[in-house]
Amino acid sequence: MTSRRDFSTRPVRGASFRERAFLGLAAAAVAVSAALAFQAKRDLGEAQAAVEAARRDPALRRAPALRDAAGTLAAQALATSEAPPARILADLAALMPGDVRLNAATLVYGETVLLELNVAAREDAAYDRFLENLTASPRFGDILPGAESRGGTVTAPLRLRYRPGGAP
Amino acid sequence: MQRARLVLAFDANAVAAARVSSGLGAPRIEACLQEPLPTGALRPSPWEPNFADAGPVREALGRLRQALGDQKRGAVVVLPTGVARTALLEPSAAGPREFARFRLTQGLPYPASEALVDIVAVGKGRFLGAAVRRSIVAEYEEAVASAGFTQERLDLAPLAALDALLRRSPAAAGVDVILGDVGFSLAAHRDGEVWAFRSRLRDEDEEEPARIQAEAERTAAAAGVPSPRIRVVGPGARGLLNALSFRGMTVSPGWEGQGEHLPVEACELAWLGAAQ
């Protein structure tokens with residue numbers, strides 16, 4: 011449908027409904043990213059405090075198993091600080107062709123960050139291009155594509171690791 | 018939630034302004050005022066300057082602004098019948114506005130760059146395009162600005178009225194007669210599409226209803242609409258409705274009262290279409 015008629019010599023173009031909707035979505039995405047970053051920072055602080063407490067605990071020094079747990083916790087904290095969810099999602103989005111979208115994403119923080127994705131692509135070629143982009147990127151590795159359902163839209167699970175130190 | 022807007026309409030005999038609120042229901046006229054103009058002060062024409070005597074027009078606008086007391090709200094400015102060249106278009110691949118510009122600017126007696134072109138959708142893939150001369154629009158805009166109104170957009174009375182009439186009963190077959198002070202337009206439609214659109218100059222004498230009836234019947238025949246049902250809006254609508262009814266035609270006003278504050282019957286104000 012056309013917008014409202016305007017024969018003005020200097021029309022003042024207001025934002026269309028579609029443009030306002032996109033603006034709203036963009037604002038919502040920024041808000042969600044900010045909330046995720048804030049949450050990640052807070053988790054990092056708590057993890058670092060736990061690591062410090064564990065290090066000061068004399069009983070912990072005597073127990074190798076507990077020492078390992080503290081090491082894992084420290085690595086987890088490091089991964090969280092270097093790879094907050096917002097950054098991972100932004101890196102991922104930069105590699106996604108326009109006709110590929112994420113249906114779901116799970117981030118598991120450990121010594122490294124494990125990503126479990128569910129991806130939908132409008133065409134086979136777009137999904138293949140996304141896999142190529144991921145393979146070429148130094149920030150993602152151990153890419154393990156799951157069973158694909160093809161035929162028009164492609165949907166597939168995908169498991170991979172994020173390397174925060176990788177060059178962009 | 019209610020949102021009010023101003024509509025400011027020009028014609029040869031008067032300028033009018035209305036404050037219209039639109040919310041979830043039909044638009045409602047909160048206030049409507051009309052200021053008569055001296056004969057010859059405003060002469061709607063597609064080629065020649067329209068403001069033969071700008072003084073009285075600006076004074077009338079000033080009085081309207083003062084009376085409405087709503088100085089900051091943006092106004093939809095509506096130009097009268099007779100200022101535009103119009104054509105019914107069926108664009109194929111190109112965007113309808115680009116197609117309208119391409120078609121309408123052919124043969125204009127002024128450079129194409131001076132034409133302001135816009136469209137109204139009148140059915141599946143059909144558009145009514147109109148071209149107005151930039152210098153003529155500028156005359157109206159200057160008058161509006163000098164009276165202190167803020168212009169939101171600028172529309173044409175026949176296009177605004179036709180758009181509103183089609184929204185009211187999109188599938189009904191018939192002919193809409195949109196009157197202005199110096200001219201009138203006829204649109205024949207069936208199956209939700211306008212099949213013929215014509216514009217004629219007015220000549221207000223006792224034979225005018227017969228002439229308009231004949232034009233309506235010719236327009237209906239061209240569009241394949243048998244026994245047209247005629248809707249009328251614009252100045253003189255009530256008189257024409259009575260005359261056509263007397264002559265045995267099936268007629269109705271294009272719209273009726275939408276508020277308690279109208280100086281005349283709602284059907285006499287074609288520009289109310291711009292408020293919908």
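These protein sequence lines map, in sequence, to chains A and B. With our numbering as the guide, the letters of the first sequence map in order to residues 11 to 178. With our numbering as the guide, the letters of the second sequence map in order to residues 18 to 293. Ideal Cβ placement from N, Cα and C applies to all residues, glycine included. Treat the numbers as computed from the prediction; the structure is a model and nothing was measured.
- The beta-carbon of Arg170/B is placed less than 8 angstroms from the nearest beta-carbon of chain A.
- Cβ-Cβ distances below 6 angstroms link Arg170/B to Val93 in the same chain, with the five nearest sequence neighbours on each side left out; the list follows chain order.
- Apart from the 5 residues on each side of it in sequence, Arg217/B sits with its Cβ closer than 7 angstroms to the Cβ of Gly200, Phe201, Glu232 in its chain, given in chain order.
- Look at the beta carbons and you see the segment 88-99 of chain A touching the segment 114-127 of chain A: at least three pairs across the two are nearer than 8 angstroms.
- Any Cβ of chain A closer than 8 angstroms to the Cβ of Leu173/B would place that residue at the interface, and such an atom is present.
- Between Leu286/B and Val139/B, the alpha-carbon positions lie close to 21 angstroms from each other.
- Excluding sequence positions up to five before and after Glu107/B, its CB lies within less than 7 angstroms of the CB of Gly142, Arg143, all in the same chain and listed in chain order.
- Between the alpha carbons of Ala45/A and Gly156/A lies a gap of roughly 30 angstroms.
- A direct Cα-Cα distance of roughly 25 angstroms separates Glu76/B from Ala101/B.
- A contact between stretches requires three or more CB pairs, one per stretch, nearer than 8 angstroms, and the segment 235-252 of chain B meets this requirement with the segment 172-192 of chain B.
- Burial state of Asn259/B is exposed, judged by a 10 Å Cβ sphere holding fewer than 16 other Cβ atoms.
- Put simply, the backbone Cα of Ala41/A is about 33 angstroms away from that of Ala63/A.
- When DSSP states are grouped into helix, strand and coil, Gln51/B belongs to the strand group.
- Under a criterion of Cβ atoms nearer than 7 angstroms, the residues of chain B adjacent to Arg14/A are, in order, Arg170.
- The segment 166-174 of chain A and the segment 144-151 of chain A touch, with three or more beta-carbon pairs separated by less than 8 angstroms.
- The Cβ-Cβ distance between Arg36/B and Leu85/B falls below 8 angstroms.
- For Ala135/A, the enclosing alpha helix (DSSP H) begins and ends at 134-146.
- CA-to-CA, the gap between Leu78/B and Ser152/B works out to about 20 angstroms.
- Secondary structure of Val192/B (DSSP, three-state): strand.
- The C-alpha of Ser163/B is placed about 32 angstroms away from the C-alpha of Glu115/B.
- In terms of Cβ geometry, Asp70/B and Gly57/B form a close pair [threshold 8 angstroms].
- For Pro155/A, the uninterrupted beta strand (DSSP E) segment begins and ends at 150-155.
- Assignment of Glu224/B by DSSP, reduced to helix, strand and coil, places it in the coil class.
- Here the C-alpha atom of Trp272/B lies approximately 9 angstroms from the C-alpha atom of Leu289/B.
- In this structure, DSSP gives Arg80/B a helical state, which the three-state scheme calls helix.
- Among the bridge pairs identified by DSSP, His206/B is matched with Gly191/B, Val211/B.
- Asp134/A sits away from Arg111/A, with the two beta carbons spaced by 8 angstroms or more.
- In this structure, the beta-carbon distance from Thr165/A to Ala136/A does not fall below 8 angstroms.
- Within the DSSP bridge table, the entry for Pro61/B names no partner.
- Contact annotation: Val161/B and Leu25/B have beta-carbon atoms nearer than 8 angstroms.
- Taking 8 angstroms as the threshold, the shortest C-beta distance from Leu279/B to chain A does not fall below it.
- Between Val123/A and Ala93/A, the C-beta spacing is below 8 angstroms.
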